[in-house]
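In the working numbering, the protein residues as written are 3 to 811.
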């Protein structure tokens with residue numbers, strides 16, 4: 003009983019005396035020890051685990067200059083908190099240490115572990131990417147605590163945080179104020195210099211960055227980060243083409259071997275070999291070293307890097323097929339990182355683009371777009387792919403049309419020969435076998451499936467012909483027909499009959515009439531003109547552009563196609579400063595003297611803006627349209643549209659002109675022009691818009707304005723187009739009236755009606771206005787009488803008025 007009482011008394015004294023408000027020996031040491039070896043220890047352990055997770059799972063982009071310090075995992079969003087829970091735990095522990103064990107008595111902190119708790123709190127928030135909260139913590143720590151090492155470390159971490167917030171000038175100025183001689187810990191000095199180096203890198207001042215990275219290495223010789231800094235230095239020197247210096251730092255990383263992260267080591271080795279490959283004497287050794295790296299079991303999960311670099315080396319030696327093979331091999335590994343995969347697809351897309359293989363280019367751009375997360379980058383790739391896909395579609399149409407035209411020129415015997423050699427004999431049983439392999443997945447053994455047996459027989463016959471079932475079958479003659487039984491002869495006859503049917507069907511699908519052939523030639527010319535323009539404007543490939551134009555000129559073009567092609571040929575040779583431009587200039591002036599192209603060449607054309615790029619011209623007319631300058635737009639746009647007809651902006655200008663005509667002349671004219679637009683630019687987005695609009699307009703007109711009914715009125719004042727001054731006066735009076743009467747549901751605008759009439763419209767959301775009362779009020783209060791014709795309509799009636807142009811009615 004006495005023992006129980008003693009223990010109870012001891013614990014009561016202990017807990018009552020260990021208050022954070024009492025400054026005595028027992029209190030101070032209790033909270034110090036509890037903070038250091040319990041809460042803060044657990045928080046530091048959690049923080050270290052988080053760093054380890056980040057280090058082990060971070061996927062580096064070794065193809066660009068590395069950052070001095072990774073901050074996020076590859077799948078994370080930079081604008082969101084970290085997905086690593088250890089940093090949250092560390093923050094919780096640091097907060098608990100501060101809340102439970104802080105002894106701030108008389109403005110002085112008696113527990114010296116609290117400063118370390120604040121430092122841990124700031125670091126945890128930093129790696130959780132909550133930079134403003136981290137900055138707040140570091141600032142508080144710097145202002146409150148005087149522990150030298152913690153104070154200096156907090157100053158550096160504050161600047162790391164400022165660096166993440168892009169306050170680069172502040173970072174450099176603040177770090178320059180720190181005197182390294184007052185810092186005892188070399189690791190802190192290393193962090194200071196690496197932060198300074200990273201700041202200069204962001205300012206593109208690589209010379210300064212290199213100086214500070216070298217200082218960081220000097221103060222962290224055996225640290226893990228020093229190898230990262232060496233790798234970055236090597237990358238910077240390589241970018242400056244300082245090969246010897248780059249090799250020196252790559253070699254320094256390579257020497258560390260197992261002391262460095264395997265990804266970093268391997269990429270240093272590969273970059274070193276890539277630089278050595280520039281030396282002709284070392285090329286064979288480099289290739290042998292690459293093979294050695296591939297066979298090394300330590301690189302089993304990193305072979306995608308090796309094949310990628312091998313492909314780069316092979317491409318430089320113009321060993322394209324081997325390079326492509328290595329690049330595809332690199333992309334096939336399941337452990338490939340996202341950066342290598344993106345780079346592989348980008349290189350292959352660019353390679354095929356340079357080779358004018360746009361189908362393969364489109365495939366790799368499509369693959370690239372699927373693995374890119376950033377919206378801006380994805381949109382850029384998709385725009386690029388869209389243009390490439392247009393080329394592919396146009397080329398396919400041209401190829402198809404050319405094939406049909408060639409077939410239409412053949413007689414029956416030539417078509418039969420074509421069918422046998424190009425269609426029938428090229429059917430590959432092996433491919434048929436592969437394409438149908440899915441049907442046989444449920445059957446494991448070959449001879450238990452009759453379909454597999456038949457396919458096997460077909461493959462054998464295609465490879466070896468019809469052979470006797472005898473010794474030395476490989477060298478025997480074809481099977482004698484006498485050995486066939488009745489059923490075999492029947493099968494042969496059925497096959498011959500089927501083949502004849504297939505041939506007859508094939509011939510029946512070929513059209514020989516002149517009208518059809520002419521339409522194919524016209525379509526081919528149109529597509530070749532579009533291709534020529536894309537090659538010229540988007541790809542800057544003058545050779546391909548000219549090649550397409552030559553095909554147009556040799557394919558019986560109509561006058562419009564011919565003058566377009568001649569002018570583009572003239573433009574190409576003018577750009578190349580080739581004397582052949584004079585030939586095409588003379589052809590245009592002689593054969594098409596009144597064309598817009600002849601006037602352009604002869605500087606007679608009034609619209610000198612045709613010297614601008616197609617986009618600038620399009621933008622100019624779009625601005626005119628948006629500003630309601632329909633009269634000027636319709637006066638100038640026709641020549642420009644014809645001039646840019648075969649470009650991507652031709653249909654766009656056509657649509658602007660069509661809508662402008664609809665605004666001026668009403669719905670009936672708009673429908674006619676939409677129909678013309680669809681015929682003039684078939685297979686374009688604008689043609690699709692035109693057809694959809696026509697479908698809508700041909701439906702019951704009462705459906706056009708079906709919507710939720712609100713009280714929405716238009717008070718319309720009719721003015722002559724030359725009464726601009728009067729319109730402005732009336733408008734200003736209504737603005738004043740609206741302001742003085744506190745009216746918030748009125749909006750005032752000037753609306754185009756036709757070339758002779760302008761509407762001043764008051765858009766009223768609410769009850770129908772008493773216009774007579776308001777006009778009388780104008781006379782009384784402003785001594786101003788509005789004599790313009792005016793009326794009030796529902797919104798739907800106003801839209802009908804604009805569509806049908808029935809103001810007189």
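Here a beta-carbon is modelled for each residue, glycine too, at the ideal position from N, C-alpha and C.
Note that the structure is predicted; figures quoted are calculated from it, not measured.
Item: Residue 570 vs residue 534 beta-carbon contact at 8 Å; Value: yes
Item: Cβ pair residue 656, residue 671 closer than 8 Å; Value: no
Item: Validate contact between the segment 41-49 and the segment 87-105 using beta carbons, cut 8 Å, 3 pairs; Value: yes
Item: Distance between beta carbons of residue 221 and residue 191, contact taken as under 8 Å; Value: 4 Å
Item: Three-state secondary structure (DSSP) of residue 446; Value: The pLDDT assigned to residue 446 is 44, lower than 50, so where the model puts this residue is not dependable; a value taken from the coordinates is nonetheless given after this. Looking at residue 446 - three-state DSSP - the assignment turns out to be coil, as it is neither helix nor strand.
Item: From 617, 637, 576 and 393, residue whose alpha carbon lies closest to that of residue 530; Value: 393
Item: First and last residue of the uninterrupted alpha helix (DSSP H) at residue 660; Value: 651-667
Item: Distance between residue 278 and residue 284 (C-alpha atoms, nearest Å); Value: 6 Å
Item: Local conformation of residue 494 per DSSP, three classes; Value: Reliability of the predicted coordinates at residue 494 is poor, the pLDDT of 44 falling under 50, and the value obtained from them is presented with this limitation in mind. Three-state DSSP puts residue 494 in a helix.
Item: Residue nearest to residue 292 in terms of C-alpha spacing, selected from 275, 82, 544 and 660; Value: 275
Item: Residue 554, enclosing alpha helix (DSSP H) - first and last residue; Value: 544-555
Item: Three-pair Cβ contact test at 8 Å for the segment 759-774 versus the segment 791-802; Value: yes
Item: Bridge partners - residue 714, DSSP secondary structure assignment; Value: 767
Item: Below-8 Å beta-carbon distance, residue 288 vs any chain B residue; Value: In the structure shown, chain B cannot be found, because there is only a single protein chain.
Item: Segment limits, beta strand (DSSP E) that includes residue 646; Value: Unbroken run through residue 646: none, as it is neither H nor E.
Item: Where residue 804 falls, given that 16 or more other Cβ within 10 Å makes a residue buried; Value: buried
Item: Under 8 Å between C-beta atoms of residue 568 and residue 603; Value: no
Item: Where residue 755 sits in the DSSP three-state scheme; Value: strand
Item: Sequence-distant residues of its chain with Cβ nearer than 6 Å to residue 384 (five each side left out); Value: 371
Item: One or two residues paired with residue 748 in a DSSP bridge; Value: 766
Item: For residue 124, the nearest candidate out of 49, 714 and 624 (CA to CA); Value: 49
Item: CA nearest to the CA of residue 150, picked from 121, 624 and 169; Value: 121
Item: Delimiting residues of the alpha helix (DSSP H) encompassing residue 301; Value: No alpha helix (DSSP H) contains residue 301, which DSSP labels as neither H nor E.
Item: The segment 335-347 / the segment 357-364 touching (three or more Cβ pairs under 8 Å); Value: no
Item: Buried versus exposed, by CB contacts within 10 Å (16 or more), residue 588; Value: exposed
Item: Segment contact, 8 Å Cβ cut-off, at least three pairs: the segment 618-630 with the segment 595-602; Value: no
Item: Residues near residue 86 by beta carbon distance below 7 Å, same chain, minus five either side; Value: 52, 55 and 56
Item: Inter-stretch contact (C-beta, 8 Å, three-pair minimum) for the segment 672-681 and the segment 725-739; Value: no
Item: Contacting residues, own chain, Cβ-Cβ under 6 Å from residue 198 (five flanking each side not counted); Value: 177 and 214
Item: Residues near residue 787 by beta carbon distance below 6 Å, same chain, minus five either side; Value: 781
Item: Boundaries (first-last residue) of the alpha helix (DSSP H) holding residue 699; Value: 687-700
Item: Distance CB(residue 756)-CB(residue 763) smaller than 8 Å; Value: no
Item: Under the three-state DSSP convention, the category residue 262 falls into; Value: coil
Item: Buried or exposed (CB count within 10 angstroms, at least 16 for buried), residue 396; Value: buried
Item: C-alpha gap between residue 330 and residue 351, whole angstroms; Value: 12 Å
Item: Proximity below 8 Å, CB of residue 230 to CB of residue 266; Value: yes
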